[in-house]
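What follows is one structure encoded as structure tokens, with my remarks underneath.
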Amino acid sequence: ANDVRGIAQYAGLLEKHHKDYILSDKYYRQAIKMDPNHFDAMLGYASFLVNVRKNPDSAEHYLKLCLKRNPNEVGPLSAYARFLKTHRHDPAGALAHFRRASEQAKDDPDLHLELADFLIDDYPT
Numbered sequence: 019a020n021d022v023r024g025i026a027q028y029a030g031l032l033e034k035h036h037k038d039y040i041l042s043d044k045y046y047r048q049a050i051k052m053d054p055n056h057f058d059a060m061l062g063y064a065s066f067l068v069n070v071r072k073n074p075d076s077a078e079h080y081l082k083l084c085l086k087r088n089p090n091e092v093g094p095l096s097a098y099a100r101f102l103k104t105h106r107h108d109p110a111g112a113l114a115h116f117r118r119a120s121e122q123a124k125d126d127p128d129l130h131l132e133l134a135d136f137l138i139d140d141y142p143t
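Per our numbering, the very first residue in the sequence shown carries number 19; after that it's consecutive.
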């Protein structure tokens, strides 16, 4: 598992600091292939796909796959909530995932603040 984490982190380094998107893509895929349940690798790749490749459909595929494999993990739940809010303009779907993430992370003040901000700024009344 540490190898997968290191490879995913290296992919992120290549993406963010070296702007080497070809190698970054390769290493994200390698990490996911090594451990298809490693949600940090999938979340990193989903972020890469939406922000670098401008491919929200592929990003959503990885986010949904990540959620399917890790249904109660805060990271995938909150990442998908942000995706729904930002890229699908689906406030009801985002709220459902923010709430599920919030239930899993009762002691995470940052997540609760993000949920409160979402309700104040983005959720239609």
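No residue lacks a Cβ here, since even glycine has one placed at the ideal position from N, Cα and C.
The beta carbon of Y46 sits closer than 7 Å to the beta carbons of A26, A29, A59, G62, Y63 and F66 from its chain, once the five residues preceding and following it are set aside; these are given in chain order.
DSSP places N69 in the helix class (H, G or I) of the three-state scheme. Counting only the Cα atoms, L81 lies some 23 Å from A134. Around the beta carbon of K86, a 10 Å sphere encloses fewer than 16 other beta carbons of the protein chains shown; the residue is thus reported as exposed. In the displayed model, A99 falls within a helix according to three-state DSSP. Residue range P109 to Q122 is occupied by the alpha helix (DSSP H) that includes P109. Put simply, the backbone Cα of S120 is about 18 Å away from that of C84. Around the beta carbon of R118, 16 or more other beta carbons sit within 10 angstroms, so the residue counts as buried.
Short of 6 Å from the beta carbon of Y39, and not among the five residues preceding or following it, lie these beta carbons of its own chain, in chain order: V70. DSSP, read as helix, strand or coil, puts R106 in coil.
The C-alpha of D43 lies about 10 Å from the C-alpha of A49.
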